[in-house]
Structure formats: C-alpha cells, structure tokens
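Just below is one structure, and these are the notes that go with it.
Protein chains: 2
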Amino acid sequence: MTDKVLVVEDDIDIANLIRVNLVELGIEIEHEIDGQLALKKALDKHYSVLLLDIMLPGMSGLDICRQVREKKPEQAIIMLTAKNSETDRVLGLELGADDYMTKPFSVRELQARVRSQLRKVHFLQQATQEQGLSPEKAINIGNLRIDQQTHQVKLAEQLLDLTATEFELLFHLASHPNQVFSRCQLLESVWGYHHSGYEHTVNSHINRLRAKIELDATAPRIVQTVWGVGYKFNPQGVAL
Amino acid sequence: MTDKVLVVEDDIDIANLIRVNLVELGIEIEHEIDGQLALKKALDKHYSVLLLDIMLPGMSGLDICRQVREKKPEQAIIMLTAKNSETDRVLGLELGADDYMTKPFSVRELQARVRSQLRKVHFLQQATQEQGLSPEKAINIGNLRIDQQTHQVKLAEQLLDLTATEFELLFHLASHPNQVFSRCQLLESVWGYHHSGYEHTVNSHINRLRAKIELDATAPRIVQTVWGVGYKFNPQGVAL
DNA sequence: TTTTGTTTTAAACGTTTTTTCACATTGAGT
DNA sequence: ACTCAATGTGAAAAAACGTTTAAAACAAAA
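In the order they appear, the protein sequences are chains A and B. 211 is the number that my numbering gives to position 197 of the first sequence; each next residue is one higher, with no gaps. 243 is the number that my numbering gives to position 229 of the second sequence; each next residue is one higher, with no gaps.
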C-alpha cells in the first residue's frame with residue numbers, strides 16, 4: 015500500500031519542496047494550506063503521516079495537532095516551524111507530535127524523519143495485523159554499501175570512517191547515479207535549502223570524501239567532476 | 015521558507031534600521047560594508063534579495079549591480095542611495111536593478127518594497143518549479159541522445175566528451191530542429207544576455223563541436239551553416 | 001576550560017576551457 | 001574567374017574553474 019502524507023503548509027515553496035522529495039520515496043502527497051480545512055481532512059481521511067506547519071492561516075498547527083490527537087491517538091504527526099524556539103518544540107511534543115523539524119531542514123532530514131514515522135506506523139500495523147513488511151533503505155552498488163540506518167559505509171568489505179556531512183554527500187550522490195549536481199544543488203539537498211554558505215565549501219567536502227573512498231584521489235572513479243557543471247556519482251567506479 | 019537578504023551599506027545606523035525592520039518580517043539578514051566583499055558574497059551565495067547602497071567603500075553599488083546581474087539574471091536587486099538625482103535612478107535601473115529607494119525612506123516603504131520583491135521571487139520559483147515538473151530532460155533524435163540529467167551526449171551509442179558550453183550549444187540547437195539561430199541569438203540563449211563578447215566566439219565553438227560530433231567536419235550534416243544567417247540543427251543528419 | 005574533531009573559509013596552485021586573433025577557405029554576386 | 005564578405009581553422013593568450021593545503025571558526029566531548 016502506498017503511504018499517504020498530508021502536508022499542511024502555507025508556504026508554496028516549502029510545500030513543493032516537500033512534495034517533490036517525498037514523491038521520490040514513493041509517497042503520495044496531499045497539500046492543504048488552510049488550517050481549518052486541513053483539520054477536517056485529517057479527521058475524515060486516513061493519512062500515514064501528518065506534516066504540520068505551526069504558523070498557518072485559519073488555525074494554528076498546534077491546534078490541529080491537539081484535536082487530531084484526541085480523535086486519533088495513533089496518528090503520526092511531525093511538526094514543522096520556522097521558529098527555533100524551545101517553547102514551541104516542547105509545546106509541540108507535549109501536544110502529542112511524534113517528531114519535530116525546524117526550518118530550514120535538509121531534504122535528507124525530511125526524508126529520514128518521514129521514513130522513520132512510516133516505519134513506526136508500519137510496525138504498529140504489523141503488530142496488529144500480524145503481517146506487513148518494512149523495506150530497509152540501503153544502497154548497494156557494486157562493492158559499495160551505504161546503510162543509512164547504521165550510517166555506515168562499506169567499500170569492498172572495508173568499513174569507511176566518514177563524517178556526517180561526508181556521509182550525506184555520498185549518500186545523495188549515490189542515490190542518483192550518473193546524475194550531475196551543481197554545487198548549489200548539493201548545498202540545497204545536503205545542507206538544506208537556502209543554506210547560506212559558499213559553494214566553495216562543497217569542493218572541500220568532495221575533496222575529503224575522495225581522499226577516503228577513492229583508490230587514487232587524483233583520478234577519481236567514484237565521485238567524478240563534470241567540468242563547469244558539478245559532480246556526479248559514477249556507478250562504474252564501484253563495479254564488481 | 016526563511017528568506018535571506020544581503021544588505022550592503024556602510025552606514026551602520028541605516029544598516030541596523032534595515033536589519034531590525036526586516037527581521038521583523040521573518041527575514042534573515044546578512045550585512046556587508048565593503049563593496050568588493052559584498053560582490054563576492056552575492057555571487058557565491060544565495061540571497062532572495064540584494065539591498066545595495068550606491069556609495070560604498072571598495073566598489074560602487076552600481077558596479078556590484080551590473081556584475082551580479084551578468085551572472086545571476088534572476089537575482090532581485092533593490093538600489094539604495096542618499097542622492098535624489100534622477101541620473102542615478104535611471105542608471106541603477108538600466109544596470110538591472112529591480113527597484114530603487116532614496117534615503118531617507120520610511121520603514122513602511124522599506125518593508126513594502128522588500129516584500130514586493132520577495133513575492134516576485136517566490137512567484138518565479140514556483141513558476142519554474144511547475145515548469146520543471148514535466149521537464150524534457152532528454153532529447154532523442156535519430157541516433158543522437160542528449161541527457162541533461164547526466165550531461166551526457168551519445169551518438170550511435172558512442173559517448174561524446176563535450177565541454178559545458180559545447181553541451182549547451184548542441185542542446186539548444188537540437189531543442190529546435192531546423193530552426194536557424196543567428197550568432198547573436200546563440201550568444202543570448204547559450205551564454206546569457208548581457209554577454210559582452212564577439213560573435214566570432216560562436217564560430218569557434220561550433221567548430222570544436224563539429225570536430226566532435228560530425229563524421230566529416232568539412233561537410234557537416236548535423237550542425238549546419240546557413241550562409242549569412244547563422245546555424246541550425248539538421249535532424250536528418252542523425253537519422254537512423 | 002581544554003581538548004579534540006569537524007566544518008567552513010581563504011589562498012596558492014595547476015588545469016581546462018573559453019576567447020581572441022591571424023590567416024585560410026568558402027560562397028555569392030559580378 | 002575575380003572580388004568581397006562571411007565563415008572555418010588552429011594556436012596562443014586570457015579567463016574560468018577545480019584541487020589542494022592550511023588556517024580559522026565552530027561544535028562536541030572530556
């Protein structure tokens with residue numbers, strides 16, 4: 015069964031960002047701007063996960079969260095807010111949210127958190143229905159294995175010691191073999207949208223990543239440069 | 015989405031005034047005093063809007079405006095000046111500023127103008143995103159395949175090694191089979207408007223492109239010359 | 001706080017691409 | 001065939017880009 019997620023968010027840009035990146039995971043999206051309408055939908059229909067912005071026209075995300083929680087105690091809810099204030103966070107969790115993301119969030123964070131909720135939901139369903147399966151998300155290409163669960167990377171049975179950023183970078187590139195990403199795109203998907211940092215930073219990380227995964231860092235076969243464009247993951251570089 | 019605005023202004027008081035009143039709108043601010051550094055930032059990083067004072071140490075705001083506009087045609091720019099002279103205003107707009115404010119300005123005016131630019135930016139982003147939902151990412155004509163995702167070009171299953179410019183040139187021509195483009199038009203669409211260079215450059219690139227894709231570069235069948243007019247892509251040249 | 005490790009920024013350096021230019025060639029009109 | 005202007009060619013200069021290294025900023029842990 016394809017999971018369905020209700021996104022309640024008034025910023026069209028963020029909503030689209032979420033849509034694109036969840037659809038990529040094979041998740042169906044419904045988008046609602048108005049708080050009141052969203053509440054109605056959330057109560058009437060079935061969604062695997064609710065993604066609620068806190069600041070909304072019509073009704074606060076916190077209100078929606080509380081009312082949904084009353085009627086549907088098992089509903090998975092992730093709160094979403096621009097504020098970074100601790101009070102909101104605490105309040106959100108107290109009102110029954112299962113998780114919380116502060117904007118700006120990276121695409122990977124978004125996917126990870128939603129996936130985490132889906133796993134929980136599926137586990138519950140499995141427990142009650144005594145059936146079901148939850149696919150583990152790990153990348154296996156050639157002799158490269160990237161496991162996001164354990165955050166481990168193995169190349170030819172050799173465990174690599176990557177930092178968090180290096181891992182995300184490699185994971186994102188490897189998730190889209192052969193696709194070229196500009197430094198700007200990488201900043202958006204790995205660091206988070208509208209991340210303000212120099213594109214130069216990407217070079218630095220690519221450099222260190224290569225030092226760890228390439229046999230010969232001066233002639234990269236796995237993470238390759240596309241001149242004047244960006245970087246790409248070359249699956250042939252890890253072919254068995 | 016939190017928008018970020020770069021304020022380039024050497025008067026600390028004004029800079030603070032701007033900061034306070036834009037933060038109030040939920041906008042993130044970066045402040046830069048020196049013109050040269052500001053230009054670097056503006057080119058390397060991403061900002062929703064640039065607020066440029068004209069009189070600056072290091073480099074004039076007009077120069078910054080011009081140079082940013084060349085590299086980032088879509089960047090929203092608001093010029094800022096103490097002078098009330100019409101010439102500056104005209105000059106600023108000619109150099110590609112989107113809006114103009116003369117000091118002293120009211121807080122309401124500041125907020126209104128910035129918000130107006132943000133609206134435009136968001137609208138554009140939304141428009142391009144929607145357009146990008148069903149993107150013609152790859153071109154397939156005869157035995158020629160051009161893939162934007164991977165930035166790869168295959169001719170008769172043979173992978174061609176094109177530079178970024180060569181790729182764009184071929185892509186643009188192939189996107190409009192049989193349509194003749196003048197060198198000037200090509201400069202505009204491939205290099206970008208406001209490009210200051212000789213039309214002769216196009217010849218050079220066509221030349222190198224032909225050397226790579228044509229069987230016989232002296233008798234081009236794919237990228238053909240239309241005497242006295244320009245160049246065109248001939249689909250018959252790659253027919254199966 | 002100190003220490004350690006990571007991330008970001010900056011600068012120096014080497015490479016590739018782009019541009020430019022001089023000259024050769026081609027095509028249209030006479 | 002001749003001439004003129006448009007186009008093609010190839011090589012050198014200039015610019016753009018990418019890598020590397022080191023240092024600074026930052027954050028986490030001891």
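Just so it is clear, CB atoms sit at the ideal spot from N, CA and C, and this is done for glycine as well. Since we're looking at a predicted model, the values are computed, not measured.
CB of residue i within 7 Å of CB of residue j, strictly
i	j	result
phenylalanine 247 of chain B	leucine 174 of chain B	no
asparagine 35 of chain B	leucine 124 of chain B	yes
lysine 85 of chain B	leucine 53 of chain B	no
Cα-Cα separation, residue i to residue j
i	j	result
serine 189 of chain A	leucine 39 of chain B	37 Å
threonine 239 of chain A	arginine 83 of chain A	49 Å
methionine 73 of chain A	valine 37 of chain A	26 Å
glycine 211 of chain B	alanine 152 of chain A	49 Å
glutamine 162 of chain B	isoleucine 155 of chain B	14 Å
tyrosine 61 of chain A	lysine 55 of chain A	9 Å
proline 149 of chain A	isoleucine 78 of chain A	Low confidence applies here, because proline 149 of chain A scores a pLDDT of 38, under 50, leaving its location unreliable; read the following figure in that light. Roughly 30 Å between the two C-alpha positions.
phenylalanine 185 of chain B	proline 249 of chain A	25 Å
aspartate 112 of chain B	isoleucine 68 of chain B	14 Å
valine 204 of chain B	glutamate 182 of chain B	6 Å
histidine 165 of chain A	leucine 158 of chain A	13 Å
glycine 87 of chain A	arginine 80 of chain A	The sequence shown places proline at residue 87 of chain A, not glycine. Rounded to the nearest angstrom, the two C-alpha atoms are 10 Å apart.
leucine 66 of chain B	leucine 94 of chain B	6 Å
leucine 51 of chain A	isoleucine 41 of chain B	28 Å
leucine 169 of chain A	proline 191 of chain B	45 Å
alanine 178 of chain A	valine 167 of chain A	11 Å
isoleucine 32 of chain A	glutamate 228 of chain B	44 Å
leucine 6 of chain B	valine 121 of chain B	As displayed, chain B neither begins before 15 nor continues past 254, which places residue 6 of chain B out of reach and without an answer.
asparagine 217 of chain A	lysine 59 of chain B	14 Å
aspartate 27 of chain A	lysine 117 of chain A	12 Å
histidine 209 of chain B	methionine 115 of chain B	28 Å
glutamate 171 of chain B	isoleucine 160 of chain B	11 Å
alanine 126 of chain B	glycine 206 of chain A	28 Å
alanine 233 of chain A	threonine 215 of chain A	21 Å
isoleucine 43 of chain A	phenylalanine 119 of chain B	44 Å
valine 237 of chain B	alanine 96 of chain B	53 Å
Neighbourhood of residue i by C-beta, 8 Å cutoff - its chain only, sequence neighbours within 5 removed
i	result
valine 63 of chain A	Asp17, Val19, Leu20, Ala90, Ile91, Ile92, Val128, Gln131, Leu132 and Val135
glutamate 180 of chain A	His219, Arg222, Leu223 and Lys226
valine 194 of chain A	Val240, Val243, Gly244, Tyr245 and Lys246
leucine 254 of chain A	Gly156 and Asn157
Beta-carbon proximity list for residue i, same chain, < 7 Å, skipping 5 on both sides
i	result
glutamate 213 of chain A	Arg197, Cys198 and Leu201
threonine 142 of chain A	Its pLDDT being 45, under 50, threonine 142 of chain A is placed unreliably by the model, and nothing is read from it.
Residue-chain proximity (residue i, chain B), Cβ-Cβ < 7 Å
i	result
valine 194 of chain A	yes
serine 210 of chain A	yes
glutamate 23 of chain A	no
glutamate 213 of chain A	yes
Within-7 Å CB hit, residue i to chain A
i	result
glycine 146 of chain B	Residue placement at glycine 146 of chain B cannot be trusted, given a pLDDT of 46 that sits under 50; the coordinates are not used to answer.
glutamine 163 of chain B	yes
lysine 151 of chain B	no
lysine 85 of chain B	no
lysine 134 of chain B	no
lysine 18 of chain B	yes
Beta-carbon proximity list for residue i, same chain, < 6 Å, skipping 5 on both sides
i	result
histidine 45 of chain B	Val21 and Ala29
arginine 235 of chain A	Gly251
leucine 70 of chain A	Asp24 and Gly49
alanine 231 of chain A	Arg224 and Ala225
isoleucine 47 of chain A	Asp24
leucine 176 of chain B	Val167
Self-check item: Contacting positions in the stretch 58–81 of chain B - beta carbon closer than 7 Å to chain A
Solution: Asp58, Lys59 and His60
Quiz item: Of the residues that make up the stretch 234–250 of chain A, which ones have a beta carbon closer than 8 Å to any beta carbon in chain B?
Solution: Val240, Trp241, Gly242, Val243 and Lys246
Self-check item: Positions along the stretch 24–41 of chain A whose CB lies within less than 7 Å of some CB in chain B
Solution: Taking 7 Å as the Cβ-Cβ cut-off against chain B, the residues of the stretch 24–41 of chain A that qualify are Asp25, Ile26, Asp27, Ile28 and Asn30.
Self-check item: Selection of the stretch 165–196 of chain A by Cβ proximity to chain B, strictly under 7 Å
Solution: Asn192, Gln193 and Val194
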